[in-house]
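Heads up: the protein sequence lines correspond to chains A and B, in order.
Using the UniProt record's numbering, the letters of the first sequence map in sequence onto residues 1 to 427.
Using the UniProt record's numbering, the letters of the second sequence map in sequence onto residues 1 to 178.
Glycine included, C-beta positions come from ideal geometry on N, C-alpha and C.
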Amino acid sequence: MALPVYIIRPAARCLRTPRAHTQFLTQSFSTTLSRPDEASVETTSTTTTPAPPPPPPPKLDPNLITTRKEEHLLAATGRTPIGSRRRRAAIQSTSNIPFEQLPYQCFQEARKILAADREEKLVQIEEERKRIKKVQETPAERLGGEMSKKGKLVAMQKYLEDMKIWADINDPMVKKRFEDGMGDMNRPIYRHLADKKWRQYRRKIQLQRITQMHIVPDLLPHIDPVAEVTLAFGRHKIQPGAFVDSRISADPVRLTVQVFDKGPRLVSVVVLDADVPSPETDGFTTRCHFLAVNIPVTPTATSLPLAKFKEGGSQCILPWLPPFAQKGSPYHRLSVFVLQHRDGKPLDLDRVKCLGRDGFSMRAFLSQHKVVPVGVALFRSIWDEGTARVMEKAGIEGANIEFLRKKPEKLPYKKKDGARYRGYRKT
Amino acid sequence: MLSNLLRPSHRPTQSTISPTHQFLLAPTPQQTSTFTTTSPTLAKGNRPRIDRRITLIRYHLHHPKTPRPLRFSRLRALRHWTIHRAAMLYRQQQRRTQELELERQYNAMRAACEELRIGVGDGGRLYRQAMVRKGIFGGKAQSEGGVLGGNGGVPIEYARAQTDGPPRKGWDEGWTRG
Numbered sequence: 001m002a003l004p005v006y007i008i009r010p011a012a013r014c015l016r017t018p019r020a021h022t023q024f025l026t027q028s029f030s031t032t033l034s035r036p037d038e039a040s041v042e043t044t045s046t047t048t049t050p051a052p053p054p055p056p057p058p059k060l061d062p063n064l065i066t067t068r069k070e071e072h073l074l075a076a077t078g079r080t081p082i083g084s085r086r087r088r089a090a091i092q093s094t095s096n097i098p099f100e101q102l103p104y105q106c107f108q109e110a111r112k113i114l115a116a117d118r119e120e121k122l123v124q125i126e127e128e129r130k131r132i133k134k135v136q137e138t139p140a141e142r143l144g145g146e147m148s149k150k151g152k153l154v155a156m157q158k159y160l161e162d163m164k165i166w167a168d169i170n171d172p173m174v175k176k177r178f179e180d181g182m183g184d185m186n187r188p189i190y191r192h193l194a195d196k197k198w199r200q201y202r203r204k205i206q207l208q209r210i211t212q213m214h215i216v217p218d219l220l221p222h223i224d225p226v227a228e229v230t231l232a233f234g235r236h237k238i239q240p241g242a243f244v245d246s247r248i249s250a251d252p253v254r255l256t257v258q259v260f261d262k263g264p265r266l267v268s269v270v271v272l273d274a275d276v277p278s279p280e281t282d283g284f285t286t287r288c289h290f291l292a293v294n295i296p297v298t299p300t301a302t303s304l305p306l307a308k309f310k311e312g313g314s315q316c317i318l319p320w321l322p323p324f325a326q327k328g329s330p331y332h333r334l335s336v337f338v339l340q341h342r343d344g345k346p347l348d349l350d351r352v353k354c355l356g357r358d359g360f361s362m363r364a365f366l367s368q369h370k371v372v373p374v375g376v377a378l379f380r381s382i383w384d385e386g387t388a389r390v391m392e393k394a395g396i397e398g399a400n401i402e403f404l405r406k407k408p409e410k411l412p413y414k415k416k417d418g419a420r421y422r423g424y425r426k427t
Numbered sequence: 001m002l003s004n005l006l007r008p009s010h011r012p013t014q015s016t017i018s019p020t021h022q023f024l025l026a027p028t029p030q031q032t033s034t035f036t037t038t039s040p041t042l043a044k045g046n047r048p049r050i051d052r053r054i055t056l057i058r059y060h061l062h063h064p065k066t067p068r069p070l071r072f073s074r075l076r077a078l079r080h081w082t083i084h085r086a087a088m089l090y091r092q093q094q095r096r097t098q099e100l101e102l103e104r105q106y107n108a109m110r111a112a113c114e115e116l117r118i119g120v121g122d123g124g125r126l127y128r129q130a131m132v133r134k135g136i137f138g139g140k141a142q143s144e145g146g147v148l149g150g151n152g153g154v155p156i157e158y159a160r161a162q163t164d165g166p167p168r169k170g171w172d173e174g175w176t177r178g
């Protein structure tokens, strides 16, 4: 009966390398001496050398240490242990096999099938590349005209991009890395996964807020966001459409623009207040709080702190103006638009420089310049206790103005004598 | 009541029900009097009606034959996912090869018929003979003196549409062919 156990064991021993065991071995080699003659050699050598070498510092792995003493030693080196003590203990006692090599037969067979499929897909990708090259070299007359050739090439390119995704979509390591947030956004598969995840929930929320608060169609007739835009003021992440304290929004917002298609591109950023009260017209108008153009954005370079764009810079047209809502005016919708330049061409600065803050029209901007709205974000501001100070600091006048509703005109009915109402006696 | 009929016999007791499912249990009547534990609304007979669907969901959730939910650790779930994807991929590949094989067979048949029709040069006589469908569902096999194409197979009368229930007339014992 012991035989099968004996047979299975060596394989398990190859896969598992318990740390405690190896540590014990190394310690026994370094500290104790098994043979007396070795000891004598050691002693003679120590007598000849003037000072014994200091003991090497204990190896401290922040992933593995568990005792308080080890934690203190690690802290002395300026590092902190990773995770909980329970987690570190668990890692210490479990075998450290990489995920792909876990010895489960079905899993390994599955991996083989997936790997074979991937190889096949890679061959197909190469073939498709060759085909595209061939079509590109063929004169347009033989393919039924320039338009036909272009359409054919677009379709083939799309198929190639799809193939690139299909080659990797079944890889468990890709899935794991993406879930850990370690995905490389330069690779199409991670961009695809990120896009899918965004569209599942966050984009829907974003669209809901835009339509609920009538950014569409108040400012734009329509928008189909293809890039994720998130807002943060310093540490404060802003949920789509949230009210932001005026003291927090006094500093420029930090945008995170995540695009899901490859390559660099140029964008413009517009921050627009859609609810500026205008007493003259008894209505509302718009005000541009920020405008910067020709900003490069790639799938990996996503952070876009607007504080970077100072007045007088080549990209900044209108610097950040703190959002403010005067007392009595309804809440102001501050929307952030990310506009992608068509064909990646920079905008002509002279044409943009003449734009003013008040009455900025998004529709006019879109029609006059070659830009497409790709992303939108939204927050709201309302009069609060800090607004007056923020306005004073920014040099904005009008903090003392309070908007009041007009009293509705009385209806032209004659008021009846009060004596007729129950419990009311005219004195 | 229907819910009483549907109540499984081996229902776990209340104490074993997890707190997350407690809300599914019938609400305990709030004690309003010192003498009776039955609230006046219940005593009057107009007890709060619980949606029957909720009752049924409750019973089936706690039925001992309901399998426990799949709970996997992260890596286990990932392995499960990998195996699932591979199985789906394998099935897809199999389906694809079957379809291709069927398509190949169909094309070969069509090519052969086309060859008979045009290529042989007998004015399509062979082709017409090949297209005869007489007796293909029955009759004696051609080798046993049957008509051309007879294969001794299942009579066409048996190829009735499959039905859920038996026919109204029952089994016809006295039936003979032709």
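### Task
Give the straight-line distance between the Cα atoms of Ser-329(A) and Val-257(A), rounded to the nearest whole angstrom.
On the first sequence, position 329 is the one that residue 329(A) refers to. On the first sequence, position 257 is the one that residue 257(A) refers to. Taking the straight line from one Cα to the other gives about 31 Å.
### Task
Give the residues of chain B in contact with Leu-114(A), contact being defined as C-beta atoms less than 9 Å apart.
Position 114 of the first sequence, counting from 1, holds the residue named residue 114(A). Ordered by position in chain B, the residues that pass the 9 Å Cβ test against Leu-114(A) are Thr-82, Arg-85, Ala-86, Leu-89.
### Task
Within 10 angstroms of the Cβ of Arg-128(B), are there 16 or more other Cβ atoms? Answer buried if so, exposed if not.
Here residue 128(B) corresponds to residue number 128 of the second sequence, with the count starting at 1. Under this definition Arg-128(B) is an exposed residue.
#### Entry: Arg-86(A): CB within 8 Å of a non-hydrogen atom of the ligand FAD
Among the components modelled here there is no ligand, and therefore nothing to report on the ligand FAD.
### Query
In the structure shown, what three-state DSSP assignment does Glu-173(B) receive?
The sequence position of residue 173(B) within the second sequence is 173, counting from 1. When DSSP states are grouped into helix, strand and coil, Glu-173(B) belongs to the coil group.
### Query
Can the beta-carbon of Val-371(A) be found closer than 9 Å to that of His-341(A)?
For the purposes of this step, residue 371(A) is identified with residue 371 of the first sequence, where counting begins at 1. For the purposes of this step, residue 341(A) is identified with residue 341 of the first sequence, where counting begins at 1. The Cβ atoms of Val-371(A) and His-341(A) sit closer than 9 Å to each other.
### Message
So, with DSSP's three-state summary, where would you put Ser-148(A)?
### Response
In the first sequence, residue 148(A) corresponds to position 148, counting from 1. Residue state, collapsed to three classes: helix.
### Query
Hey, how far is the Cα of Lys-149(A) from the Cα of Val-135(A)?
Counted from its first residue, the first sequence places residue 149(A) at position 149. Counted from its first residue, the first sequence places residue 135(A) at position 135. Distance between the alpha carbons of Lys-149(A) and Val-135(A) is about 8 Å.
### Query
Looking at the unbroken alpha helix (DSSP H) that takes in Ala-111(B), where does it start and where does it end?
Translated into positions along the second sequence, residue 111(B) becomes position 111. That run of the alpha helix (DSSP H) goes 74–114.
### Query
For chain A, is any of its Cβ atoms less than 9 Å away from the one on Gln-94(B)?
Walking along the second sequence from the start, residue 94(B) turns up at place 94. No, Gln-94(B) does not count as interfacial toward chain A.
### Query
Does Arg-79(B) have its Cβ less than 9 Å from a Cβ in chain A?
In the second sequence, residue 79(B) corresponds to position 79, counting from 1. With 9 Å as the cut-off, Arg-79(B) counts as an interface residue toward chain A.
### Task
Assign Met-131(B) to buried or exposed, taking buried as 16 or more other Cβ atoms, counted over all protein chains shown, within 10 Å of its Cβ.
Within the second sequence, the letter at position 131 stands for residue 131(B). Exposed: under 16 other Cβ atoms inside 10 Å.
#### Entry: Beta-carbon contacts of Ile-169(A) that lie in its chain and below 7 Å, excluding the five residues immediately before and after
For the purposes of this step, residue 169(A) is identified with residue 169 of the first sequence, where counting begins at 1. Counting only Cβ-Cβ distances below 7 Å, and skipping sequence neighbours, we find Ile-189.
### Task
Find the nearest neighbour of Arg-333(A) within the set Met-147(A), Met-213(A), Ala-167(A), judged by alpha-carbon distance.
The sequence position of residue 333(A) within the first sequence is 333, counting from 1. Ranking the options by Cα distance to Arg-333(A), first place goes to Met-213(A).
### Interface residues of chain B facing Lys-175(A) [CB-CB closer than 8 Å]
Numbered from its first residue, the first sequence carries residue 175(A) at position 175. Chain B residues near Lys-175(A): Leu-78, Trp-81.
### Task
Count the other C-beta atoms from every protein chain shown that fall within 10 angstroms of the C-beta of Phe-24(A), then say buried if there are 16 or more, exposed otherwise.
Counting from 1 along the first sequence, the entry for residue 24(A) is found at position 24. At Phe-24(A), the pLDDT of 38 sits below 50, so the modelled position is not reliable; the number obtained from the coordinates is stated separately. So Phe-24(A) ends up on the exposed side.
### Task
Mind checking who Val-229(A) pairs with in its DSSP beta bridge?
In the first sequence, counting from the first residue as 1, residue 229(A) sits at position 229. The partner list for Val-229(A) (beta bridge, DSSP) reads Val-257(A).
### Message
Checking 9 Å against the spacing of the C-beta atoms, do Ala-274(A) and Leu-219(A) come in under that value?
### Response
As a position in the first sequence, residue 274(A) is number 274, starting the count at 1. As a position in the first sequence, residue 219(A) is number 219, starting the count at 1. Closer than 9 Å, so yes.
### Query
Taking 9 Å as the CB-CB limit, is Glu-109(A) close to chain B?
By one-based count along the first sequence, residue 109(A) stands at place 109. So yes, Glu-109(A) belongs to the interface.
### Task
Mind listing, in chain order, the continuous beta strand (DSSP E) runs of no fewer than 3 residues lying wholly within the segment 325–393 of chain A?
332–341, 371–381
### Message
Check whether the segment 96–106 of chain B and the segment 116–124 of chain B are in contact - that is, three or more C-beta pairs closer than 8 Å.
### Response
These segments do not touch.
### Task
With DSSP collapsed to three states, give me the class of Lys-237(A).
Translated into positions along the first sequence, residue 237(A) becomes position 237. In the structure shown, Lys-237(A) sits in a strand (DSSP, three-state: E or B).
### Query
Does any residue of chain A bring its CB to less than 9 Å from the CB of Phe-23(B)?
In the second sequence, residue 23(B) corresponds to position 23, counting from 1. Low per-residue confidence applies at Phe-23(B): pLDDT is 47, beneath 50, and the placement is therefore not dependable enough to give any value.
### Query
Going straight from the alpha carbon of Met-362(A) to that of Phe-284(A), what length do you get?
Reading the first sequence from its first residue, position 362 is the one you call residue 362(A). Reading the first sequence from its first residue, position 284 is the one you call residue 284(A). Taking the straight line from one Cα to the other gives about 15 Å.
### Task
To the nearest angstrom, report how far apart Leu-122(A) and Thr-77(A) are at their CA atoms.
The sequence position of residue 122(A) within the first sequence is 122, counting from 1. The sequence position of residue 77(A) within the first sequence is 77, counting from 1. If I take the Cα positions, the gap works out to 47 Å.
### Task
Leaving out five residues on either side along the sequence, give the residues of the same chain with a beta carbon under 7 Å from the beta carbon of Phe-72(B).
By one-based count along the second sequence, residue 72(B) stands at place 72. Excluding residues up to 5 positions away in sequence, His-80 lie with their Cβ nearer than 7 Å to the Cβ of Phe-72(B) in the same chain.
### Task
Return no unless some Cβ of chain A is closer than 9 Å to the Cβ of Leu-70(B).
In the second sequence, counting from the first residue as 1, residue 70(B) sits at position 70. Not closer than 9 Å to any Cβ of chain A, the Cβ of Leu-70(B) fails to qualify, so no.
### Query
Nearest-angstrom Cα distance between Leu-64(A) and Leu-366(A)?
Along the first sequence, read from residue 1 onward, the residue named residue 64(A) stands at position 64. Along the first sequence, read from residue 1 onward, the residue named residue 366(A) stands at position 366. One C-alpha to the other measures close to 57 Å.
### Task
Quick one: residues in its chain with C-beta nearer than 8 Å to the C-beta of Val-374(A), no 5 flanking neighbours on either side, listed in chain order?
For this step, residue 374(A) is matched to residue 374 along the first sequence. Cβ within range, chain order: Pro-225, Val-226, Ala-227, Val-259, Val-267, Val-338, Leu-339, Gln-340.
### Query
What residues from chain B crowd round Tyr-104(A), counting only those whose CB sits closer than 8 Å?
Reading the first sequence from its first residue, position 104 is the one you call residue 104(A). Neighbours of Tyr-104(A) on chain B, chain order: Arg-79.
### Query
What's the C-alpha gap between Gln-206(A) and Ile-238(A)?
Your numbering for residue 206(A) matches position 206 in the first sequence. Your numbering for residue 238(A) matches position 238 in the first sequence. About 12 Å.
### Spatial neighbours of Pro-252(A) in its chain, beta-carbon cut-off 6 Å, leaving aside the 5 residues before and after
In the first sequence, the residue the question calls residue 252(A) occupies position 252. So the qualifying residues of the chain are Leu-306, Ala-307, Trp-320.
### Query
Which chain A residues sit within Cβ distance under 9 Å of Leu-75(B)?
Counted from its first residue, the second sequence places residue 75(B) at position 75. Under the 9 Å cutoff, chain A gives Phe-99, Leu-102, Lys-176.
### Query
Contact between the segment 152–165 of chain A and the segment 119–133 of chain A: three or more CB pairs below 8 Å?
Enough Cβ pairs lie closer than 8 Å, so yes.
### Query
What's the C-alpha gap between Leu-193(A) and Glu-402(A)?
Residue numbering aside, residue 193(A) sits at position 193 when the first sequence is read from its first letter. Residue numbering aside, residue 402(A) sits at position 402 when the first sequence is read from its first letter. Each residue's Cα considered, the two are about 50 Å apart.
#### Entry: Where Arg-168(B) sits in the DSSP three-state scheme
Indexing the second sequence from 1 puts residue 168(B) at position 168. For Arg-168(B), the three-state secondary structure derived from DSSP is coil.
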